[in-house]
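J.:
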Amino acid sequence: MFRVELDREACDGIFACLVRDDRFVEDDAGLATVDPTAEGVVDVERAGERVIATFDGDVEDATLAARACPPDAITVREEP
Ligand code: SF4
1 MFRVELDREA
11 CDGIFACLVR
21 DDRFVEDDAG
31 LATVDPTAEG
41 VVDVERAGER
51 VIATFDGDVE
61 DATLAARACP
71 PDAITVREEP
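The opening residue of the sequence shown carries number 1 in UniProt numbering; numbering runs sequentially from there.
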């Protein structure tokens with residue numbers, strides 16, 4: 001399991017993340033969020049403008065999404 005944090009204040013709606021990990025989706029505001037119904041998504045919470053999600057399975061796609069995000073809006077952290 002690993003934790004994904006998405007800072008929507010930093011997100012520019014470029015959507016480089018969506019094509020690398022389909023657990024990221026565009027919301028009604030035109031910014032990225034996490035689809036709570038997507039396979040491999042265990043939990044999604046909102047804390048202000050931050051989306052905090054727990055993912056299960058392979059960390060590779062989420063890591064690629066984080067690396068591709070120009071404003072570094074995505075942080076991926078392995079859970080201890
Ligand atoms: S790649 Fe980064 S800036 Fe672009 S939509 Fe995803 S989180 Fe937002």
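Even glycine gets a Cβ: it sits at the ideal position worked out from N, Cα and C.
Values in this document were obtained by computation on a predicted structure and should not be read as measured data.
#1: Please list the segments of the beta strand (DSSP E) lying wholly inside the segment 53-79, counting only runs of 3 or more residues, in order along the chain.
#2: Taking the Cβ atom as the reference point for each residue, do F2 and R50 lie within a distance shorter than 8 Å?
#3: Label I14 either buried or exposed according to how many other C-beta atoms from any shown protein chain fall within 10 Å of its C-beta, with 16 as the threshold for buried.
#4: Please name the residue or residues paired with A29 in a DSSP beta bridge.
#5: Check for me: the beta strand (DSSP E) holding A47 runs from which residue to which?
T.: This is what the structure holds:
#1: 74-78
#2: no
#3: Looking at its Cβ environment, which holds fewer than 16 other Cβ atoms inside 10 Å, I14 is exposed.
#4: Paired residue(s): none; A29 is not in a bridge.
#5: 41-47
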